[in-house]
DNA sequence: CGCATGGTTCGATCCTTATCGAAGCATTCC
DNA sequence: GGAATGCTTCGATAAGGATCGAACCATGCG
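Protein chains in written order, with the working numbering: chain A, 271 to 494; chain B, 271 to 494.
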């Protein structure tokens with residue numbers, strides 16, 4: 271018998287598939303609600319709730335209650351780092367679960383991150399929005415500039431904050447390792463992309479596939 | 271449902287207490303046999319064997335067969351890094367499993383590491399044995415010098431290698447983070463310490479407590 | 001104040017798996 | 001060739017925990 275920190279306790283928390291999926295989903299940095307995480311993990315709401323309380327007890331998550339919504343997020347960068355380390359080993363020793371190929375590549379280019387766009391396209395977009403001063407960095411937050419507000423309104427994109435959810439928020443991109451845009455604005459932009467049929471969501475995947483014309487339109491509007 | 275590397279599979283391997291103890295024991299970098307790991311984990315040999323085959327299947331361990339001994343070791347530095355990351359989180363979010371206090375302090379000073387001495391005293395001893403040229407470093411191994419052989423024989427300590435177990439082996443100290451002496455010589459030295467009643471083992475603990483006179487004797491013989 | 005929605009708790013079920021004793025295989029020692 | 005040692009496999013047992021439906025709280029909406 272050995273002593274020391276209880277690594278089995280922590281590892282077994284990550285060792286359940288449902289919980290692992292939840293943690294994976296939270297790796298993007300965006301806090302999610304219990305229902306969203308239940309969906310992500312493919313379990314019922316009571317099951318998810320049970321898992322979430324275990325993760326809370328284990329100190330792996332933080333909880334922010336906002337009205338009747340409860341947002342779960344990773345407790346710390348240290349926890350995120352641990353999950354990355356485990357992911358690294360899993361990748362190294364795997365057989366991979368996903369069939370590698372076009373879908374994986376498509377995911378890196380553009381995918382849905384909860385309700386907004388992620389991937390190379392999304393990261394590039396955020397960069398350009400800063401360049402054009404439509405968005406402004408403000409002490410680690412993102413703010414919509416007045417020119418940005420009119421810009422998006424002109425595009426028919428609502429920029430109103432709703433129910434405590436911020437308009438703009440940075441979200442760390444899993445594949446690119448840099449930030450992309452979340453928040454209601456991020457969600458509204460994704461809505462527009464889908465509504466305008468610039469792109470469509472792959473079935474049973476997070477991948478977002480642009481049509482040739484759609485890509486041109488997207489680049490004209492957001493990457494110009 | 272999400273995709274990606276199967277992190278739950280890896281984490282659940284570490285998530286069993288017996289396996290976690292084994293992995294912890296292997297973190298020193300020394301490969302150990304199934305029996306040693308069974309002892310370390312506090313389970314029976316069949317149970318340990320079952321765990322070891324699971325860890326092998328998971329790609330976390332390597333196996334080196336030498337005659338009828340089978341030495342298990344960590345598969346890679348990446349695996350070790352993962353365990354460190356998990357340990358870090360466990361330490362951060364813990365409550366520690368060990369009650370802190372005198373016993374913990376005693377453990378850091380001197381404790382049993384399977385069949386040899388570990389802790390500050392053991393690390394200091396190995397340093398001195400090198401200084402006195404009783405032991406020699408030889409391409410990452412430890413060798414007994416001729417003067418060392420006669421020295422230990424004079425003390426009534428057998429230095430014969432038995433059944434492929436090396437006389438001298440370095441073992442990374444958990445608390446000091448430096449090497450102490452394992453192998454048959456390390457075991458024989460611990461035997462002598464106990465036989466001479468210089469120290470006694472704490473009940474249900476790995477701590478080794480020296481008597482005042484015993485400490486003097488130990489210092490005279492090994493730390494002079 | 002009712003009603004809808006988001007979450008948690010409870011209870012029962014079911015399945016996985018950790019565990020050990022006994023037996024079996026392999027290797028080395030005498 | 002036995003005998004001993006190191007280790008694995010097999011079989012049976014038991015315990016933990018993941019799961020879901022139903023019922024139960026809490027918040028927000030009309």
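Beta carbons are placed, not taken as given, at the ideal position from N, Cα and C, and that holds for glycine. Treat the numbers as computed from the prediction; the structure is a model and nothing was measured.
Any beta carbon of chain A sitting closer than 9 Å to that of residue i?
{"i": "residue 346(B)", "result": "yes"}
{"i": "residue 387(B)", "result": "no"}
{"i": "residue 482(B)", "result": "no"}
{"i": "residue 284(B)", "result": "yes"}
{"i": "residue 367(B)", "result": "In this predicted model, residue 367(B) has a pLDDT of only 49, less than 50, meaning its place in the structure is not dependable enough to derive any value."}
{"i": "residue 378(B)", "result": "no"}
{"i": "residue 363(B)", "result": "yes"}
{"i": "residue 349(B)", "result": "yes"}
{"i": "residue 332(B)", "result": "no"}
{"i": "residue 357(B)", "result": "yes"}
{"i": "residue 412(B)", "result": "no"}
{"i": "residue 354(B)", "result": "yes"}
{"i": "residue 296(B)", "result": "no"}
{"i": "residue 293(B)", "result": "yes"}
{"i": "residue 265(B)", "result": "What is shown of chain B runs 271 to 494, which leaves residue 265(B) out entirely."}
{"i": "residue 360(B)", "result": "yes"}
{"i": "residue 277(B)", "result": "yes"}
{"i": "residue 281(B)", "result": "yes"}
Between the Cα of residue i and the Cα atoms of the options, which residue gives the shortest distance?
{"i": "residue 468(B)", "options": "452(B), 417(B), 491(B), 450(B)", "result": "491(B)"}
{"i": "residue 279(A)", "options": "284(B), 412(B), 394(B)", "result": "284(B)"}
{"i": "residue 376(A)", "options": "477(A), 301(A), 354(A), 423(A)", "result": "477(A)"}
{"i": "residue 292(B)", "options": "323(B), 348(B), 362(B)", "result": "323(B)"}
{"i": "residue 269(A)", "options": "282(A), 276(A), 493(A), 286(A)", "result": "What is shown of chain A runs 271 to 494, which leaves residue 269(A) out entirely."}
{"i": "residue 318(B)", "options": "462(B), 286(B), 275(B)", "result": "286(B)"}
{"i": "residue 382(B)", "options": "456(B), 488(B), 333(B), 281(B)", "result": "456(B)"}
{"i": "residue 312(A)", "options": "484(A), 289(A), 389(A)", "result": "289(A)"}
{"i": "residue 507(B)", "options": "425(A), 413(A), 360(A), 459(A)", "result": "This structure gives no information on residue 507(B), because the portion of chain B shown stretches from 271 to 494."}
{"i": "residue 459(B)", "options": "403(B), 327(B), 423(B), 407(B)", "result": "423(B)"}
{"i": "residue 488(A)", "options": "387(A), 420(A), 419(A)", "result": "387(A)"}
{"i": "residue 348(B)", "options": "348(A), 358(A), 349(A)", "result": "358(A)"}
{"i": "residue 465(B)", "options": "452(B), 425(B), 439(B)", "result": "425(B)"}
{"i": "residue 362(B)", "options": "419(A), 277(A), 484(A), 438(A)", "result": "277(A)"}
Looking only at its own chain, which residues have a Cβ that is under 7 Å from the Cβ of residue i, when we skip the five neighbours before and after it?
{"i": "residue 315(B)", "result": "304, 305, 308"}
{"i": "residue 220(A)", "result": "Outside the shown range of chain A, which is 271 to 494, sits residue 220(A), and nothing can be said about it."}
{"i": "residue 329(B)", "result": "345"}
I'd like to know whether the C-beta of residue i is nearer than 9 Å to at least one C-beta of chain B.
{"i": "residue 305(A)", "result": "no"}
{"i": "residue 314(A)", "result": "no"}
{"i": "residue 472(A)", "result": "no"}
{"i": "residue 341(A)", "result": "no"}
{"i": "residue 271(A)", "result": "Interpretation of residue 271(A) is limited by its pLDDT of 48, a score under 50 that renders its predicted location unreliable; no figure is taken from the coordinates."}
{"i": "residue 381(A)", "result": "no"}
Using a Cβ-Cβ cut-off of 8 Å (strictly less than) and excluding sequence neighbours within five positions of residue i, which residues of its own chain qualify?
{"i": "residue 472(A)", "result": "373, 376, 478, 479"}
So, at 6 Å on beta carbons, what are the nonlocal neighbours of residue i in its own chain, with the 5 sequence-adjacent residues on each side left out?
{"i": "residue 331(A)", "result": "325, 342, 345"}
Q.
Check whether the segment 337-347 of chain A and the segment 293-304 of chain A touch, using three or more Cβ-Cβ pairs below 8 Å as the test.
A. yes
Q) Which residue spans inside the segment 314-349 of chain A form an unbroken beta strand (DSSP E) run of at least 3? A) 331-336, 339-344
Q) Counting Cβ pairs, one atom from each stretch, are 3 or more of them under 8 Å apart for the segment 420-430 of chain A and the segment 348-363 of chain A? A) no
Q: Write down every uninterrupted run of the beta strand (DSSP E) in the segment 455-482 of chain A whose length is 3 residues or greater and which is fully enclosed by it, in chain order.
A: 469-471, 478-480
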